[in-house]
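Residue numbers are given in UniProt numbering: position 247 of the sequence shown equals residue 247, and the series is strictly consecutive.
So the structure is just underneath, and the comments pick up after that.
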Amino acid sequence: MTTTSGNARRGIIEPWLGSGWPIDLFEAKTFFEKKGVFFCSRSECGIGNRRILRDPWQLNCGHRVCKECYDKLGALPEAQQLCEACTKELFDEGHLNLDRKLRLESGHDFLLNKDGMSYDAAPPSTSQQPSLADEVPTRVPFKIDFSIAMKDKAVDREISRLLVNCPYGCDTPAKLTLRTLERHMEECLERWVPCEKCAEVIKYLGIGEHRTKCCPFRIVECPNKCGVAGLRAKDLAKKKVQVVKHLNEGKRMDQHLKSIMTKLHTTTTQSSSGPATVISQSQISDLQKRLLTLENQSDRANRMLMDKVHHMTPEMARGLLENVQLAQRNRQDLNDLNSLFKTVAQDVHKLTSYEGAFCALTEKISKTENETAELLSRLETLSNIRVAEIEDQKTLLNQLQMTSYNGHLLWKITDVQKHRDEAATRHSIYSHPFYTETYGYKMCARVFVNGDGSGKNTHISLFFVVMKGEYDALQTWPFQKKVTMKLRNVTENRPDIVEMFRPEPSSFSFQRPKNEMNIASGCPQFADQAHVFNPDNGFVVDDTMYIEIMVNNESTAGLNSPQHVYDNED
Ligand SMILES: [Zn+2]
Ligand SMILES: [Zn+2]
Ligand SMILES: [Zn+2]
Ligand SMILES: [Zn+2]
Ligand SMILES: [Zn+2]
Numbered sequence: 001m002t003t004t005s006g007n008a009r010r011g012i013i014e015p016w017l018g019s020g021w022p023i024d025l026f027e028a029k030t031f032f033e034k035k036g037v038f039f040c041s042r043s044e045c046g047i048g049n050r051r052i053l054r055d056p057w058q059l060n061c062g063h064r065v066c067k068e069c070y071d072k073l074g075a076l077p078e079a080q081q082l083c084e085a086c087t088k089e090l091f092d093e094g095h096l097n098l099d100r101k102l103r104l105e106s107g108h109d110f111l112l113n114k115d116g117m118s119y120d121a122a123p124p125s126t127s128q129q130p131s132l133a134d135e136v137p138t139r140v141p142f143k144i145d146f147s148i149a150m151k152d153k154a155v156d157r158e159i160s161r162l163l164v165n166c167p168y169g170c171d172t173p174a175k176l177t178l179r180t181l182e183r184h185m186e187e188c189l190e191r192w193v194p195c196e197k198c199a200e201v202i203k204y205l206g207i208g209e210h211r212t213k214c215c216p217f218r219i220v221e222c223p224n225k226c227g228v229a230g231l232r233a234k235d236l237a238k239k240k241v242q243v244v245k246h247l248n249e250g251k252r253m254d255q256h257l258k259s260i261m262t263k264l265h266t267t268t269t270q271s272s273s274g275p276a277t278v279i280s281q282s283q284i285s286d287l288q289k290r291l292l293t294l295e296n297q298s299d300r301a302n303r304m305l306m307d308k309v310h311h312m313t314p315e316m317a318r319g320l321l322e323n324v325q326l327a328q329r330n331r332q333d334l335n336d337l338n339s340l341f342k343t344v345a346q347d348v349h350k351l352t353s354y355e356g357a358f359c360a361l362t363e364k365i366s367k368t369e370n371e372t373a374e375l376l377s378r379l380e381t382l383s384n385i386r387v388a389e390i391e392d393q394k395t396l397l398n399q400l401q402m403t404s405y406n407g408h409l410l411w412k413i414t415d416v417q418k419h420r421d422e423a424a425t426r427h428s429i430y431s432h433p434f435y436t437e438t439y440g441y442k443m444c445a446r447v448f449v450n451g452d453g454s455g456k457n458t459h460i461s462l463f464f465v466v467m468k469g470e471y472d473a474l475q476t477w478p479f480q481k482k483v484t485m486k487l488r489n490v491t492e493n494r495p496d497i498v499e500m501f502r503p504e505p506s507s508f509s510f511q512r513p514k515n516e517m518n519i520a521s522g523c524p525q526f527a528d529q530a531h532v533f534n535p536d537n538g539f540v541v542d543d544t545m546y547i548e549i550m551v552n553n554e555s556t557a558g559l560n561s562p563q564h565v566y567d568n569e570d
């Protein structure tokens with residue numbers, strides 16, 4: 001083990017004081033208590049305090065003391081350089097009475113015997129003092145001879161091999177001895193170490209937190225959030241008021257004002273679109289200029305001071321005094337500026353809270369707007385659905401109104417020109433359905449305004465369609481009724497175009513419908529386009545024409561068979 005001061009230098013805290021090892025450090029302490037062989041022979045250390053030898057030295061009497069104790073004995077006045085263990089033994093054996101012991105220890109009445117222990121004659125007695133030799137035989141303790149004392153390496157080795165406990169009380173499973181203890185104490189997780197800044201002794205595991213949170217010497221930022229760093233926590237703690245110490249420290253004050261000013265500048269620039277601007281830009285730049293001037297004056301004064309301080313004449317001293325006064329005035333100005341800034345900062349704070357309220361309001365409005373928009377769009381969707389429903393109902397109503405139940409269809413086709421244009425892509429249109437009687441066959445007509453099949457582009461093609469009806473089960477199949485198809489001439493006394501046919505019983509068109517509509521059948525060359533679309537001929541008037549279908553039971557012998565249209569899909 002090295003010395004205590006060496007340990008302290010490496011940051012190890014020894015949990016004991018004194019020259020010897022405390023007995024609690026060792027595992028087999030009962031062994032030492034019984035035998036006592038390794039106790040130091042000095043009363044302050046081993047005899048009185050049961051400490052174990054540390055770096056043992058053997059005296060010429062055979063007793064051992066720690067090296068530190070040995071040095072202490074050597075520093076005593078020569079008359080007191082006695083082995084305390086020997087003295088105690090003599091006293092315990094009755095060779096010394098208390099009075100004699102005290103006199104021995106105080107250096108009086110002492111006889112030196114270099115040849116070892118022996119009974120010794122009493123010193124010459126006086127009439128005032130009774131002779132000690134009359135009471136008990138006296139033995140004289142050894143005077144320590146430092147020239148022959150030496151380090152006891154054997155005992156040192158024995159002690160250093162004894163098992164010890166970690167003084168920090170950790171539960172390491174390692175078998176520690178005095179030899180390995182030092183290294184363990186440097187690594188022990190329960191160890192105590194001194195803070196390198198404030199020297200407070202801290203548990204090793206807590207030193208990190210101490211450095212960042214507790215150490216009075218840690219470096220912190222200005223708590224006013226001015227951005228100035230590098231302040232000692234200890235210095236800040238001294239000032240309870242808002243204006244911290246660094247405000248009043250020459251150079252730092254400038255930094256502080258500058259940084260606050262920059263912040264103010266930013267704030268006012270940002271808020272210039274807000275409800276009110278408290279500080280104008282020109283005011284800010286005025287303040288900046290003033291500060292700059294003050295800084296320059298301070299610098300100049302400093303330079304002059306440094307130049308002249310070595311060659312001081314009375315005039316120079318006066319000049320210096322003026323500079324000092326100027327500097328003081330500057331200081332006053334800076335203080336004024338500082339209080340001005342505080343006022344400004346309060347205004348900015350107010351402004352900021354106005355802005356906050358304004359922002360909250362704007363947010364609320366925009367939220368309401370969003371909600372309204374959402375509501376409107378929902379309403380629109382709903383009303384669109386409603387309109388579509390109404391349209392459907394209208395169509396249904398129209399169909400119901402137009403539907404006839406007597407086998408007679410009158411079909412008014414408007415926008416004929418539009419249908420002709422669209423008919424270029426083989427366009428056809430269907431009539432609304434009609435019935436032979438209330439619970440009869442369901443039918444409709446289909447027209448290709450621009451012709452289909454053999455009538456394509458030359459004729460209007462007109463077809464008859466049997467539809468799937470609600471009462472088909474009650475009808476006779478195939479459909480057998482005579483069909484008359486007409487294109488009406490609107491002009492008075494001019495003939496209509498008429499075709500009639502009786503259904504062919506084997507045709508698919510007249511079987512009971514399995515789909516919505518059967519295949520249409522009728523006349524591809526029903527009417528000549530040139531004839532019909534000539535406005536002078538009276539078939540199309542006001543872009544409107546009329547088709548008529550009549551179905552009855554009349555016999556129609558000799559009528560043409562109808563032709564079919566095979567694509568119901570278009
Ligand atoms: Zn000692
Ligand atoms: Zn001794
Ligand atoms: Zn430990
Ligand atoms: Zn510290
Ligand atoms: Zn600050």
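Note that the Cβ used here is the ideal one computed from N, Cα and C, for glycine as well.
> Under three-state DSSP, which class holds ASP528?
Replying inline: The sequence position of residue 528 within the sequence shown is 528, counting from 1. ASP528: strand per DSSP, three-state reduction.
>> Is it buried or exposed, ALA527, if we count other Cβ atoms within 10 angstroms and call 16 or more buried?
In response: As a first step, residue 527 is located in the sequence shown; it is residue number 527 there, counting from the start. Taking every protein chain shown into account, the CB of ALA527 has 16 or more other CB atoms within 10 angstroms, so this residue is buried.
> To the nearest angstrom, how far is it from the Cα of ARG494 to the Cα of ASP536?
Replying inline: By one-based count along the sequence shown, residue 494 stands at place 494. By one-based count along the sequence shown, residue 536 stands at place 536. Each residue's alpha carbon lies about 11 Å from the other.
> If you draw a straight line from the alpha carbon of ILE52 to that of VAL220, how long is it in whole angstroms?
Replying inline: If you number the sequence shown from 1, residue 52 lands on position 52. If you number the sequence shown from 1, residue 220 lands on position 220. When only Cα atoms are considered, ILE52 and VAL220 end up about 48 Å apart.
> What is the DSSP secondary structure of PRO433, reduced to helix, strand or coil?
Replying inline: Here the question's residue 433 lines up with position 433 in the sequence shown. Coil at PRO433, not helix or strand.
>> Measuring straight from C-alpha to C-alpha, what distance separates ASN457 and GLU499?
In response: One-based indexing of the sequence shown puts residue 457 at position 457. One-based indexing of the sequence shown puts residue 499 at position 499. Near 20 Å, if we compare the C-alpha coordinates of GLU499 and ASN457.
> Taking the continuous alpha helix (DSSP H) assigned at ILE202, which residues delimit it?
Replying inline: Working through the sequence shown from its first residue, we reach residue 202 at position 202. No alpha helix (DSSP H) holds ILE202; the beta strand (DSSP E) holding it covers 201-203.
>> Taking a contact to mean a Cβ-Cβ separation below 7 Å, would you say SER298 touches ASN330 in this structure?
In response: Translated into the one-based positions of the sequence shown, residue 298 becomes position 298. Translated into the one-based positions of the sequence shown, residue 330 becomes position 330. Contact: yes.
>> I'd like the span of the alpha helix (DSSP H) that includes LEU178, first residue to last.
In response: What you label residue 178 is simply residue 178 of the sequence shown in a count that begins at 1. Where LEU178 is concerned, the enclosing alpha helix (DSSP H) stretches over 178-187.
> Where do the ends of the beta strand (DSSP E) carrying ILE144 lie?
Replying inline: One-based indexing of the sequence shown puts residue 144 at position 144. For ILE144, no beta strand (DSSP E) run applies, since DSSP gives it neither H nor E.
>> Across the stretch 71-87 and the stretch 161-169, are there enough close Cβ pairs to call them in contact, namely three or more that are closer than 8 Å?
In response: Proximity of the stretch 71-87 to the stretch 161-169 falls short of the contact definition, fewer than three beta-carbon pairs being nearer than 8 Å.
> Considering GLN475, what are the terminal residues of the beta strand (DSSP E) in which it resides?
Replying inline: The count along the sequence shown starts at 1 and reaches residue 475 at position 475. Note, GLN475: premise wrong, no beta strand (DSSP E); not H, not E.
>> For a quick check, are the C-beta atoms of PHE39 and VAL164 less than 7 Å apart?
In response: Locating residue 39 in the sequence shown gives position 39, counting from the first residue. Locating residue 164 in the sequence shown gives position 164, counting from the first residue. Not closer than 7 Å, so no.
> Buried or exposed: VAL466, going by 16 or more other Cβ atoms within 10 Å of its Cβ?
Replying inline: Within the sequence shown, numbered from 1, the residue matching residue 466 stands at position 466. Buried is the call here.
> Are GLN399 and HIS432 closer than 7 Å when you measure CB to CB?
Replying inline: Against the sequence shown, residue 399 aligns to sequence position 399. Against the sequence shown, residue 432 aligns to sequence position 432. For GLN399 and HIS432, yes; Cβs fall inside 7 Å.
>> Checking the sheet assignment: what are the DSSP bridge partners for MET550?
In response: Counting from 1 along the sequence shown, the entry for residue 550 is found at position 550. According to DSSP, MET550 bridges with HIS408 and THR484.
> Which residue's Cα is closest to the Cα of LEU59: LEU73, ARG50 and ILE144?
Replying inline: Here residue 59 refers to the residue found at position 59 of the sequence shown. Selected option, being the one with the closest Cα: ILE144.
>> Going by beta-carbon coordinates alone, are PHE539 and ASN489 separated by less than 7 Å?
In response: Along the sequence shown, one-based indexing puts residue 539 at 539. Along the sequence shown, one-based indexing puts residue 489 at 489. It is a contact, given that the beta carbons lie within the stated cut-off.
> Roughly how many whole angstroms lie between the Cα atoms of VAL416 and ASN515?
Replying inline: For the purposes of this step, residue 416 is identified with residue 416 of the sequence shown, where counting begins at 1. For the purposes of this step, residue 515 is identified with residue 515 of the sequence shown, where counting begins at 1. Those two C-alpha atoms are separated by around 29 Å.
>> Taking 6 Å as the cut-off, is the C-beta of ALA154 nearer than that to any heavy atom in ligand 2?
In response: Residue 154 sits at position 154 when you count from the first residue of the sequence shown. Checking every heavy atom of ligand 2 against the Cβ of ALA154, none is found closer than 6 Å.
> Is CYS40 near ligand 2, in the sense that its beta carbon is under 6 Å from a heavy atom of that ligand?
Replying inline: Here residue 40 refers to the residue found at position 40 when the sequence shown is read from its first residue. Not so, every heavy atom of ligand 2 lies at least 6 Å from the Cβ.
> Near GLU380, what residues of its chain come up, given a Cβ to Cβ distance below 7 Å and the 5 sequence neighbours on each side ignored?
Replying inline: For this step, residue 380 is matched to residue 380 along the sequence shown. Correct list: empty, nothing qualifies.
> With respect to the alpha helix (DSSP H) encompassing HIS459, which residues constitute its N-terminal and C-terminal limits?
Replying inline: Residue numbering aside, residue 459 sits at position 459 when the sequence shown is read from its first letter. Annotation for HIS459: no alpha helix (DSSP H) segment contains it, though the beta strand (DSSP E) segment containing it runs 459-467.
> Among all residues, which have a Cβ less than 5 Å from at least one non-hydrogen atom of ligand 2, and in what chain order do they fall?
Replying inline: Residues close to ligand 2 by the beta carbon criterion (under 5 Å to any non-hydrogen atom) are, from first to last along the chain, CYS61, HIS63, CYS83, ALA85 and CYS86.
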